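Chains A and B, in that order, are what the protein sequence lines are. Each residue of the first sequence is one higher than the one before, starting from 601 at the first, in the numbering used here. Each residue of the second sequence is one higher than the one before, starting from 812 at the first, in the numbering used here. Following: one structure in structure tokens, then a few remarks.
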Amino acid sequence: MMSEVGPAKNLAPKSFLDTSVVYKTQLGTSLMKKHLQANVPKAWYINNYVQMEFFRGNVIYWIYLYFESAAEQYETFGDAFKLYSEGFGRQAKNAVAVLTTIEMDGVSFSKSEDKHICREKLQDFIYEMLIEFGESFTDMGTDPTYCTRMKFKLKIPNVAEERVRQLQSFGLHFRDEATCRAKCSISELFTRSAHRAKLDAISGATAEGATNDKLKKIQVAIEKSKEDPDKITCKRCAKMGDAIIALALDSSWKLHTMDTVHQPISSALHLESHTHPSEQALAKA
Amino acid sequence: MVTLQAIMIGNSQGVTLSSSTATSGPDQAKRDSIVSSISSVLDFSPYTIAQSRYSHVAPSKVLLFSSPSITGAQVTPDLGTDASEADVMVLRSGIFSGVDFARPNRHMLAQLPKVKISTQFEPHLRQSSVRRLQTLMTEFQHSIGQPEVAVVREELKDALLETYKQAVVMPETRSFATAISMIQGFLRPHWSTLPQNQIAGITGELTWLDSQRDLSSATLTKFYRDLASVVGSRISPEAPPIEDTDGDEEENDE
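Printed below as a string of structure tokens:
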């Protein structure tokens, strides 16, 4: 029954999830998922930028692998998988590593006769992850960069024949960094006083050990960007992604992350944050 | 994609004669070839003539049809209208009266395209598959704690994979394949620990899936949401540590 004076105002900060936590909620171990379910109050909020980072680090590699694996030069799905696992760096390797769970359904990456089924399973995996993403998170509505790489929405089509075309269109749009960069507002972070003051605060932050090394990389990217904001590229934007995510928040939010670099950044911006333990630390606890 | 099929309801015989796309070019030629083959084997003239010859016969026993708007064999109240459409072929009761089925033209039969059972399209594949999976899930549910549980579980896993393989090859059943993939994804990490009430819950969700007219994006999303509410976590790979997602592998960003 509702009180006559109305419900009490909830003063607890809302949960904003950094990309590292988003990844674990989607693809972490059962142990990690249980930890996050228990320690990150719902609703779970993200923004357009976090979504873009998740796609940039995972979904786009799955889409690329889906199309690459169609080539006749790959006798098996595993042949194409190996290329992405070993040929394109750590991000690609991490992204495709989770796909090995597909084999648990009874198909084999190493059998030529299973190649088509593996590709279809990958397509389903992509769309299932998109559904799960949509079910898990709420867009908080603020992305100071107005990143346009996610402008093309990816959603399972009603007509199956449209799936491949949709994935292809998304992949082509997402990789077109020049066009996306021309339409985004990353430059304004360095020209508007409110954002500029926050970036200056981050530039002055300090940390220790490995965290300081990561902070320094962010600070270098910020300083370069200050010199000529119009020359910011998507790659440099990625380098200062943790700072950009923090810029979207104020005291009504609590940032949940697994990245220790958010501690000095949040401290500099007077934000509340919670750094969750790694998989390894959680397993040892 | 248009599937050209003929089904005799009267004696429950069903056969898919072939598949054809579009209505012109090589596909049209292929379809015409199929119709010609049917006519030769069954000893009647091309279907347009057959319709005319037997237009007075009520379509109570033999049935037909295929068009993008028809999802399976249907008895239509207005054969004249339906038959006028490009991809509809009407065979009427009595049309085979002069055919000696005991001695079919074996040569022509051998030339017919590969035969498929008539349940390989929506919603029949979905309905038959759901019934089979529900039966196996019930068996699995009752086998938990029993010595035979592993055998039953493997049979269920095989059935899910087999169903997926069947459904994934045709556009009209592709969404059903996605639904099966969702079930596989939810069950994958939980096979050894599933409580009986969750298995019963999944069986219930299959009933709902079976009751849907079509598997649209919204339907699949709801199915996913309901499975999540029954089973919980979807997938639990032992993912490698992802310490840095910020793209700092390359030092040169310009």
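Every residue gets a Cβ at the ideal spot worked out from N, C-alpha and C, and that includes glycine. Keep in mind it's a predicted model, so treat the numbers as computed, not measured.
Proximity of residue i and residue j at Cβ, strictly below 8 angstroms
i: serine 620 (chain A); j: threonine 857 (chain A); result: yes
i: threonine 745 (chain A); j: cysteine 780 (chain A); result: no
i: tyrosine 645 (chain A); j: lysine 614 (chain A); result: yes
i: threonine 989 (chain B); j: phenylalanine 932 (chain B); result: no
i: proline 982 (chain B); j: serine 630 (chain A); result: no
i: leucine 869 (chain A); j: alanine 801 (chain A); result: yes
i: phenylalanine 774 (chain A); j: arginine 792 (chain A); result: no
i: phenylalanine 655 (chain A); j: tyrosine 623 (chain A); result: no
i: leucine 699 (chain A); j: phenylalanine 681 (chain A); result: yes
i: serine 803 (chain A); j: glutamate 823 (chain A); result: yes
i: threonine 1014 (chain B); j: methionine 948 (chain B); result: yes
i: histidine 876 (chain A); j: histidine 635 (chain A); result: yes
i: alanine 643 (chain A); j: threonine 738 (chain A); result: yes
i: cysteine 747 (chain A); j: tyrosine 674 (chain A); result: no
i: serine 710 (chain A); j: valine 696 (chain A); result: no
i: alanine 760 (chain A); j: serine 986 (chain B); result: yes
Option in the options with minimal Cα separation from residue i
i: glycine 1012 (chain B); options: B:Ala961, B:Leu972, B:Ala1039; result: B:Ala1039
i: aspartate 618 (chain A); options: A:Ala868, A:His862, A:Ala671, A:Ser867; result: A:His862
i: asparagine 1008 (chain B); options: B:Gln938, B:Val1041, B:Tyr1035, B:Glu933; result: B:Val1041
i: threonine 806 (chain A); options: A:Glu703, A:Asp743, A:Ser866; result: A:Ser866
i: glycine 741 (chain A); options: A:Leu722, A:Asn647, A:Glu808; result: A:Asn647
i: aspartate 830 (chain A); options: A:Pro864, A:Ala778, A:Leu627; result: A:Ala778
i: alanine 978 (chain B); options: B:Gln938, B:Ser1022, B:Ala1029; result: B:Gln938
i: glutamate 965 (chain B); options: B:Pro934, B:Phe987, B:Arg943, B:Trp1002; result: B:Trp1002
i: asparagine 758 (chain A); options: B:Asp1025, B:Asp1037, B:Leu998; result: B:Asp1025
i: aspartate 743 (chain A); options: A:Ser873, A:Leu730, A:Asp850, A:Lys634; result: A:Asp850
i: phenylalanine 677 (chain A); options: A:Ser712, A:Arg690, A:Ala697, A:Asp776; result: A:Ser712
i: glycine 771 (chain A); options: A:Lys633, A:Met632, A:Ile663; result: A:Ile663
i: asparagine 694 (chain A); options: A:Glu668, A:Phe752, A:Leu683; result: A:Leu683
i: leucine 730 (chain A); options: A:Asn658, A:Glu686, A:Ser685, A:Asp705; result: A:Asn658
i: isoleucine 844 (chain A); options: A:Ile786, A:Asp828, A:Lys884; result: A:Ile786
i: isoleucine 832 (chain A); options: A:Met704, A:Ala782, A:Phe725, A:Gln691; result: A:Ala782
i: lysine 968 (chain B); options: B:His935, B:Pro934, B:Gly1043, B:Leu998; result: B:Leu998
i: aspartate 813 (chain A); options: A:Val640, A:Gly841, A:Thr860, A:Met652; result: A:Thr860
i: glutamine 819 (chain A); options: A:Asp828, A:Asp842, A:Gly809; result: A:Asp842
i: glutamine 651 (chain A); options: A:Phe752, A:Asp828, A:Gly809; result: A:Phe752
Same chain, Cβ closer than 7 angstroms to residue i, five either side skipped, listed in chain order
i: serine 866 (chain B); result: Note that serine 866 (chain B) scores 48 on pLDDT, short of 50, meaning its location in the model is unreliable and no value can be drawn from it.
i: glutamine 952 (chain B); result: Gln1007, Ile1010, Ala1011
i: serine 908 (chain B); result: For serine 908 (chain B), the predicted structure reports a pLDDT of 46, less than 50, and the residue's modelled location is therefore unreliable. A value from the coordinates is still provided. If we look at serine 908 (chain B) and ignore the five residues flanking it on each side, it has no Cβ neighbours.
i: leucine 1020 (chain B); result: Val941, Ala990, Phe1034
i: arginine 796 (chain A); result: Phe790
i: glutamate 1016 (chain B); result: Phe1034, Asp1037, Leu1038, Val1041
i: glutamine 723 (chain A); result: Tyr666, Arg763
i: serine 852 (chain A); result: Pro613, Lys614
i: isoleucine 955 (chain B); result: Gln1007
i: arginine 836 (chain A); result: Ala821, Lys824, Ser825
i: leucine 611 (chain A); result: none
i: valine 960 (chain B); result: Ser954
i: serine 835 (chain B); result: Because the pLDDT at serine 835 (chain B) is just 47, under 50, the model does not fix this residue reliably, and the point stays unresolved.
i: alanine 670 (chain A); result: Arg719
8 angstroms CB neighbourhood of residue i in its chain, flanking five on each side removed
i: tyrosine 727 (chain A); result: Ile756, Arg763
i: serine 992 (chain B); result: Tyr975
i: valine 707 (chain A); result: Asp714, Ile717, Cys718, Lys721
i: serine 1028 (chain B); result: none
i: lysine 817 (chain A); result: Lys839
i: glutamine 945 (chain B); result: Thr1014, Leu1017, Thr1018
i: glycine 628 (chain A); result: Leu636, Glu879
i: valine 963 (chain B); result: Leu947, Glu950, Phe951, Ser954
i: serine 823 (chain B); result: Confidence at serine 823 (chain B) is low in this model, with a pLDDT of 32, below 50, so the placement of that residue should be treated as unreliable; the coordinate-derived value is given next. Once the five neighbours on either side are set aside, serine 823 (chain B) has no close Cβ partner at all.
i: cysteine 834 (chain A); result: Arg749, Glu777, Cys780, Arg781
Spatial neighbours of residue i in its chain, beta-carbon cut-off 6 angstroms, leaving aside the 5 residues before and after
i: glutamine 995 (chain B); result: Leu971
i: alanine 848 (chain A); result: Asn647, Thr742, Pro744
i: leucine 799 (chain A); result: Ile822
i: alanine 692 (chain A); result: Tyr661, Tyr684
i: arginine 864 (chain B); result: Only weak support is given to the placement of arginine 864 (chain B): the predicted model assigns it a pLDDT of 46, under 50, and the value that follows is read from those uncertain coordinates. There are no such residues.
i: proline 864 (chain A); result: Ala805, Ala807, Leu815
i: isoleucine 702 (chain A); result: Lys721
Whole-Å CB distance - residue i paired with residue j, under 8 angstroms assumed
i: phenylalanine 733 (chain A); j: glutamine 637 (chain A); result: Wrong, their Cβ atoms sit about 16 angstroms apart, outside the cutoff.
i: leucine 754 (chain A); j: glutamine 766 (chain A); result: 7 angstroms
i: glutamine 1023 (chain B); j: threonine 1032 (chain B); result: Contact flag wrong, Cβ pair sits at about 12 angstroms.
i: leucine 882 (chain A); j: leucine 871 (chain A); result: About 24 angstroms separates the two Cβ atoms, so there is no contact after all.
(request) Write down every uninterrupted run of the alpha helix (DSSP H) in the stretch 850–878 of chain A whose length is 4 residues or greater and which is fully enclosed by it, in chain order. (result) List check, alpha helix (DSSP H) in window: 862–869.
(request) Report the residue ranges of all alpha helix (DSSP H) runs contained in full by the stretch 721–778 of chain A; include only those spanning at least 4 residues, in chain order. (result) Listed in chain order, the complete alpha helix (DSSP H) runs (minimum 4 residues) inside the stretch 721–778 of chain A are 762–775.
(message) Just to confirm the assignment: which complete alpha helix (DSSP H) runs, minimum length 4, are found wholly within the stretch 631–700 of chain A?
(response) As summarised for the stretch 631–700 of chain A, the continuous alpha helix (DSSP H) elements at least 4 residues long and confined to that stretch are 648–654, 660–668, 677–686, 689–697, given in chain order.
(request) Write down every uninterrupted run of the beta strand (DSSP E) in the stretch 922–990 of chain B whose length is 3 residues or greater and which is fully enclosed by it, in chain order. (result) Taking 3 residues as the minimum length, the stretch 922–990 of chain B contains no beta strand (DSSP E) run wholly inside it.
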